[in-house]
Ligand SMILES: [Zn+2]
C-alpha cells in the first residue's frame, strides 16, 4: 500500500516538474512587428497574442474586453512606447489589474526605450496635430534599430525565464546572423533609390527614409493625425507639377483617397505598403516584401 502511494508521489512530482519545464510565457504584443520579433527570439517558450493587425492603425485601437482579458494574464507586454499607444495602452494597463506588466516591472518592455528617437520636438504644441512628444515612435522600419531592440528583448526573456537562458541566447545569435546578412542585401537593393524624393501620407516613414536614403519631400497630412485638407493637397499638386517625386507612399490601413487623387493628377506612382508584418510573417519576410514593393514601383 505504502509502495503504491510512493509511486503516486513520484508520478505527481514528475508531472509538476514536467509542467514547470514546459511552462510557456504569455506575451502580449501591441503591434505585429514585436510579436514577429518575439517569435524569432523566444519560439516555443512563448505563447504570443497580438493586439493589432497590420490592417489597423496602432495609434488608435479600442481597449476591448477580449484584449483586457489577454492583458490580465500576460507575463510580458511588448509595445513600441514613445506615446504611439498613448490613446489606449494606459487604459488597457489600468483595466488589466496585472502588476507584472505595469511600467517599471520586468514584464513591461517598450521597444523605443532601447534606441535613440528621431524628431523629438523642442516645442510641444498640440495645435500642430497629433505630435509624438517623445519623438517619432515608428522605429520598426529601421533594420539597425530592430537589432538593438532584439538584443534587449532577448535579455528580458532571459530575466523572466532564466531556465531557458541558453536557448534564448542561441536564438538571438541566429536571428542576428540572418538579420545582418539581410541588412547588407537590402542595402545593395536600395542603392538605386538613394536620394530620390518621395511623398508620404503620414510622417511614419522617417526611420525608413534615413536608413534607405529616400528623401521625403512632403506629407499628405498637413498636420500629423489630421486628414489631408483640400488646400494643402492643391498646394502639393502645384509643387509636384514643378518638381516631381519618385512615388507616393501610404500605409495600407490609411485612407488612400488623397494619395490616389494626387497620383492621378501628377502621374506619380502610388504604393500601399503593409506597415507591419502580416499574420505568421517573420520580420525578414515582411521587410523583404516592403523593399521589393518599393523597387517594383520605381521600375
Ligand atoms: Zn505616428
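Numbering (my numbering), first residue to last: 1259 to 1557. All C-beta atoms, glycine included, are put in the ideal place defined by N, C-alpha and C. These numbers come from a predicted model, not from an experiment.
*Kindly provide the ranges of any beta strand (DSSP E) runs that are 3 or more residues long and lie completely inside the region 1384-1452, ordered along the chain.*
none
Looking at the secondary structure, which residues open and close the alpha helix (DSSP H) in which residue 1348 lies? 1347-1354
Give a single yes or no on whether residue 1364 has its beta carbon closer than 8 Å to a heavy atom of ligand 1. no
- Message: Taking the beta carbon of residue 1396 as the centre, do at least 16 other beta carbons fall within 10 Å, making it buried, or is it exposed?
- Response: buried
Indicate, with yes or no, if ligand 1 has a heavy atom lying under 8 Å from the CB of residue 1497. no
Is residue 1527 a contact residue of ligand 1, with contact defined as CB to any heavy atom under 8 Å? no
Could you tell me whether any Cβ in chain D is nearer than 9 Å to the Cβ of residue 1501?
Going by chain labels, chain D is absent from the structure shown, which holds only one protein chain.
Excluding the five sequence neighbours on either side, which residues of its own chain have a C-beta within less than 8 Å of the C-beta of residue 1511, listed in chain order? 1312, 1313, 1314, 1315 and 1533
Residue 1326 versus residue 1346 - alpha carbon distance: 11 Å
Contact defined as beta carbons within less than 8 Å: I believe residue 1471 pairs with residue 1457. What is the distance between those atoms, to the nearest angstrom? Not quite, the Cβ-Cβ distance comes to about 16 Å (not below 8 Å), so this is no contact.
Practice task
Would you grab the beta carbon distance between residue 1531 and residue 1494 for me? Rounded to a whole angstrom, and I think it's under 8 Å.
Solution key: Actually they are not in contact, since the Cβ atoms of residue 1531 and residue 1494 sit about 20 Å apart, beyond 8 Å.
Terminal residues of the beta strand (DSSP E) in which residue 1322 lies | No beta strand (DSSP E) holds residue 1322; DSSP gives it neither H nor E.
**Asked** DSSP three-state call for residue 1309: helix, strand or coil?
**Response** coil
- request: Give the range of the alpha helix (DSSP H) segment to which residue 1465 is assigned.
  value: 1464-1470
Quick check on this structure: which residue in 1317, 1492, 1322 and 1353 has the alpha carbon closest to the alpha carbon of residue 1330?
1353
Open item on the list: Distance check for residue 1358 and residue 1365, CA to CA, integer angstroms please.
Closed with: 5 Å
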